[in-house]
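There are 2 protein chains.
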Amino acid sequence: MTDKQRQQDFIQQILTQSANSSPLQAQKTRGHGQAPVNIALSKYWGKRDKALNLPINGSVSISLPGLGTETTLSITENDRDIIRLNGTTLEPEATFAKRLSQFLNWFRADQTTAFSVDTSNSVPTAAGLASSASGYAALVLALNDLFDWQLPKESLSLLARFGSGSASRSLFDGFAVWHKGHQNDGMDSFAEPLATLWPELTIGLVKVDTREKPVGSTVGMQQTVDTCDLYKAWPEQAERELKTIVDAIQKKDFTLVGKTAEHNALSMHATMIATWPPIVYWQPESVAAMRMVWALREQGIEVYFTMDAGPNLKLLLQEKDQTAVKKAFGERDIQIDFIQPFE
Amino acid sequence: MTDKQRQQDFIQQILTQSANSSPLQAQKTRGHGQAPVNIALSKYWGKRDKALNLPINGSVSISLPGLGTETTLSITENDRDIIRLNGTTLEPEATFAKRLSQFLNWFRADQTTAFSVDTSNSVPTAAGLASSASGYAALVLALNDLFDWQLPKESLSLLARFGSGSASRSLFDGFAVWHKGHQNDGMDSFAEPLATLWPELTIGLVKVDTREKPVGSTVGMQQTVDTCDLYKAWPEQAERELKTIVDAIQKKDFTLVGKTAEHNALSMHATMIATWPPIVYWQPESVAAMRMVWALREQGIEVYFTMDAGPNLKLLLQEKDQTAVKKAFGERDIQIDFIQPFE
Chain A
1 MTDKQRQQDF IQQILTQSAN SSPLQAQKTR GHGQAPVNIA LSKYWGKRDK
51 ALNLPINGSV SISLPGLGTE TTLSITENDR DIIRLNGTTL EPEATFAKRL
101 SQFLNWFRAD QTTAFSVDTS NSVPTAAGLA SSASGYAALV LALNDLFDWQ
151 LPKESLSLLA RFGSGSASRS LFDGFAVWHK GHQNDGMDSF AEPLATLWPE
201 LTIGLVKVDT REKPVGSTVG MQQTVDTCDL YKAWPEQAER ELKTIVDAIQ
251 KKDFTLVGKT AEHNALSMHA TMIATWPPIV YWQPESVAAM RMVWALREQG
301 IEVYFTMDAG PNLKLLLQEK DQTAVKKAFG ERDIQIDFIQ PFE
Chain B
1 MTDKQRQQDF IQQILTQSAN SSPLQAQKTR GHGQAPVNIA LSKYWGKRDK
51 ALNLPINGSV SISLPGLGTE TTLSITENDR DIIRLNGTTL EPEATFAKRL
101 SQFLNWFRAD QTTAFSVDTS NSVPTAAGLA SSASGYAALV LALNDLFDWQ
151 LPKESLSLLA RFGSGSASRS LFDGFAVWHK GHQNDGMDSF AEPLATLWPE
201 LTIGLVKVDT REKPVGSTVG MQQTVDTCDL YKAWPEQAER ELKTIVDAIQ
251 KKDFTLVGKT AEHNALSMHA TMIATWPPIV YWQPESVAAM RMVWALREQG
301 IEVYFTMDAG PNLKLLLQEK DQTAVKKAFG ERDIQIDFIQ PFE
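Chains as they are written, first to last, in UniProt numbering: chain A, 1 to 343; chain B, 1 to 343.
Structure representation (structure tokens):
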């Protein structure tokens with residue numbers, strides 16, 4: 001079976017669950033979707049199947065309410081897609097527009113169908129704050145709305161994953177676990193929410209650099225899988241740490257969540273650093289911020305960090321320590337914002 | 001057999017090769033030794049035997065003439081060792097003095113023997129410029145002189161290794177290969193020189209920070225072996241890259257030496273970064289200097305870097321590019337010195 005056929009089968013299997021018996025016929029003028037960004041506490045790095053976007057390992061995340069993507073979708077009379085990002089219409093050749101249109105190809109009733117997409121991020125695009133995660137989740141929700149599929153969240157998570165792996169987790173508020181899955185058809189690799197609420201948990205967003213990253217995640221993880229010897233040990237570590245973090249979340253063991261998340265993120269970055277050519281997302285200021293976190297821990301303030309495929313740090317702390325952390329970063333003129341995911 | 005017995009046997013086996021039939025009787029008033037620092041092109045990280053200081057993997061280095069250690073040694077009437085470092089007499093409790101006296105314990109005729117050691121480094125101590133490598137090599141040469149052992153270089157390399165692993169390579173000018181060895185008695189884990197001379201090869205020393213490093217190599221590598229999952233893949237990679245670099249040196253393939261050395265160093269640092277607690281020897285300025293190297297390569301100037309267990313970069317370049325590299329680093333106010341090991 002070709003990749004194209006496997007992809008077609010995958011989409012088909014999901015759309016047969018649709019409440020709308022003609023799942024590619026719009027049921028309203030516009031569809032609307034909104035989804036949060038999510039921060040992985042144990043990371044996704046490496047695909048076992050590129051056609052279906054299946055990961056080598058599972059991951060667990062926390063969504064950030066109030067930060068994310070809002071998307072409105074309609075069918076247009078135009079002869080090609082019209083894609084607006086943050087209020088600006090993109091050239092059809094722009095990377096972002098091409099990738100979106102390619103994804104939308106799976107949902108056209110025929111070759112003449114064109115979409116009008118209006119998408120807005122409340123986070124900088126492609127700066128390691130996972131705007132593609134909230135973006136594909138919001139788009140899938142908008143499709144579900146426009147076509148009135150009434151699909152369950154897990155099926156929408158499958159579709160979002162097909163667009164961008166980590167988008168599978170952005171269908172949910174709070175904690176979400178994206179299962180790596182075992183099937184070849186990709187139907188068991190979706191995310192599910194964890195029931196735990198954790199009001200004291202606080203996320204600090206340290207903005208080192210919000211420019212577009214030089215190496216995209218898809219290319220970066222492929223280079224790592226292809227050239228990094230150390231990566232061989234990653235899948236087992238990632239699956240083990242995923243379980244450790246899920247257990248620790250359920251027990252609200254902050255220390256164990258924090259240290260496992262930090263170790264997991266540093267290990268993912270280690271596999272990138274040991275790739276050839278080297279992939280170093282860190283900026284000098286990233287290292288300065290890490291050292292600040294370690295200095296705070298030495299002072300007894302329990303704060304940990306995680307980092308995605310970019311230079312920015314996301315801190316994990318408890319509400320009671322927010323003032324001390326804010327002060328320490330403020331003194332060094334490092335910009336930091338705080339979010340409590342369960343407030 | 002206890003560690004102590006194995007160590008005694010090791011020293012004994014070497015001293016039986018001595019030309020002096022009473023190898024712990026001084027044959028002159030003072031012994032003298034001088035040895036260069038060396039920069040590993042493929043790294044030593046991890047011990048398979050702590051008692052005999054045997055490495056998990058072999059390594060290859062280049063010595064830097066003019067930078068290193070000079071040591072004068074004599075027997076003193078004093079009741080304990082007198083250790084002078086760079087002109088200053090150390091307290092016997094100082095870490096450096098204690099470690100040196102412990103090493104000298106193996107070479108006392110009886111418990112009343114005390115040494116006077118006068119050692120001078122032309123490199124900052126413990127700042128990642130491997131002063132312990134030149135230090136133990138110079139000390140072993142001074143012992144060989146004082147006791148008139150007339151031992152072959154390979155045996156002196158064994159003794160130096162026993163003091164500090166990478167010191168095994170500082171017995172030689174030019175390139176040296178330290179074999180990991182296979183025997184349990186440690187007698188086959190010594191360094192040998194490579195015959196290749198390479199006048200165009202230039203080393204750039206980028207000084208980011210010359211303060212003492214927070215985590216010493218011995219402790220750092222043990223933490224890595226104990227807690228870093230990714231390290232499992234390191235020994236095989238290190239042995240393969242050692243062979244690649246030795247072959248490339250013999251063919252004077254600068255590109256292959258450079259990229260393999262950079263990848264090897266980054267991979268070693270990756271294992272440290274993926275250790276818990278994390279070991280990050282990088283300073284913000286280290287990352288700035290790396291990015292400078294990569295920017296130069298993008299401009300077609302072929303320069304690579306390596307880093308030891310510290311924040312400083314050592315650049316590998318060819319004589320023809322020295323002016324361009326000097327200019328680029330100068331513009332960013334980063335201090336850099338150049339050495340041609342074969343000049």
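Note that beta-carbon positions come from the ideal geometry of N, C-alpha and C, so glycine has one too. Here the structure is a predicted model, which is why all the values come from computation and not from measurement.
Could you please give the first and the last residue of the uninterrupted alpha helix (DSSP H) stretch that includes B:K327?
322-331
Short Cβ contact (8 Å threshold) for residue 348 of chain A with B:A233
Nothing about residue 348 of chain A can be reported from this structure: the residues present for chain A run from 1 to 343 only.
Against chain B, with Cβ distances strictly below 8 Å, would A:A127 count as a contact?
Because A:A127 sits at a pLDDT of 43, beneath the cut-off of 50, its placement in the model cannot be relied upon, and the following sentence gives the value as read from the coordinates. Closer than 8 Å: no.
Residue ranges of each alpha helix (DSSP H) run of no fewer than 4 residues wholly in the UniProt domain "Mvd1 C-terminal" (208-327) of chain A, ordered along the chain?
217-227, 234-250, 254-273, 284-298
Straight-line gap, B:G66 to B:F338 (C-alpha atoms, nearest Å)
12 Å
Members of the stretch 196-222 of chain B that neighbour chain C once the beta carbon cut-off is set at 8 Å
In the structure shown, chain C cannot be found, because the protein chains are A and B.
Contact set between A:D229 and chain B, taken where Cβ atoms lie within less than 8 Å:
A233, W234, E236, Q237, S267
Round the Cβ separation of A:P284 and B:E285 to the nearest angstrom and send it over; I've been treating them as touching at under 8 Å.
7 Å
Just curious, the beta strand (DSSP E) that B:R48 is in, first and last residue?
47-49
Under 8 Å by Cβ, that's how I've got A:R161 and A:S61 pegged, so tell me the actual separation to the nearest angstrom.
No, A:R161 and A:S61 are not in contact; Cβ-Cβ is about 13 Å, not under 8 Å.
Where does A:I336 fall in DSSP's three states?
strand
Alpha helix (DSSP H) segments (min. 4 residues) lying fully within the stretch 130-182 of chain A
131-146, 153-163
Looking only at its chain, what residues have a beta carbon closer than 7 Å to the beta carbon of A:K259, apart from the 5 residues adjacent to it on each side?
Y304
Please check if any C-beta of chain A sits within less than 8 Å of the C-beta of B:E285.
yes
Within the same chain, show all residues whose beta-carbon is closer than 6 Å to that of A:F342, passing over the 5 residues directly before and after it, in chain order.
L197, W198, P199
How many angstroms separate the CA atom of A:T89 from the CA atom of A:I83?
6 Å
Opening and closing residue of the beta strand (DSSP E) in which B:I83 lies:
82-85
Out of B:L242, B:V257, B:R240, which one is the CA nearest neighbour of B:A248?
B:V257
Should A:T271 be flagged as near chain B, meaning a C-beta pair shorter than 8 Å?
yes
Output, in chain order, the set of chain A residues within a Cβ distance shorter than 9 Å of B:P278.
E262, H263, L266, M290, W294
Whole angstroms is fine: what's the gap from B:A126's alpha carbon to B:L141's?
Model confidence at B:A126 stands at a pLDDT of 43, short of 50, so the residue's coordinates are unreliable and nothing is read from them.
Can B:G163 and B:L54 be called in contact, C-beta distance under 8 Å?
no
Whole-Å CB distance - A:S134 paired with A:V37, under 8 Å assumed
5 Å
Ignoring anything shorter than 4 residues or poking outside the stretch 85-124 of chain A, list the alpha helix (DSSP H) runs there in chain order.
95-104
Mind checking who A:R30 pairs with in its DSSP beta bridge?
A:S74
Chain-order list of residues whose beta-carbon lies under 7 Å from that of B:T271 (same chain, five-residue window excluded)
W45, T224, C228, L230, Y231, W234
Continuous beta strand (DSSP E) stretch holding B:I11: start and end:
From DSSP, B:I11 is part of no beta strand (DSSP E) but of the alpha helix (DSSP H) over 3-15.
Skipping 5 residues on each side, what residues in its chain have a beta carbon closer than 8 Å to that of A:D81?
P92, A97, L100, S101, L104, A114, F115, S116, V117
Going by other Cβ atoms of all chains shown within 10 Å of its Cβ, with 16 needed for buried, is A:V219 buried or exposed?
exposed
Considering Cα atoms alone, identify which of A:L205, A:Q7, A:V215, A:F190 is closest to A:E154.
A:F190
C-beta contact flag for A:R30 and A:L73 at 8 Å
yes
With a CB to CB cut of under 8 Å and the five nearest residues on each side skipped, what residues in its chain are close to A:F147?
S18, N20, P23, L24, Q25, A26, Q27, G31, F107
Beta-carbon proximity list for B:E319, same chain, < 7 Å, skipping 5 on both sides:
E200, T202, Q340
Which term fits A:A195, buried or exposed, when burial requires 16 or more other beta carbons within 10 angstroms of its beta carbon?
exposed
Got a sec, what are the start and stop residues for the beta strand (DSSP E) B:E200 sits in?
Segment: none, B:E200 is in no beta strand (DSSP E) and carries neither H nor E.
Assuming contact is defined by CB atoms lying nearer than 8 Å, are B:I336 and B:V206 in contact in what I supplied?
yes
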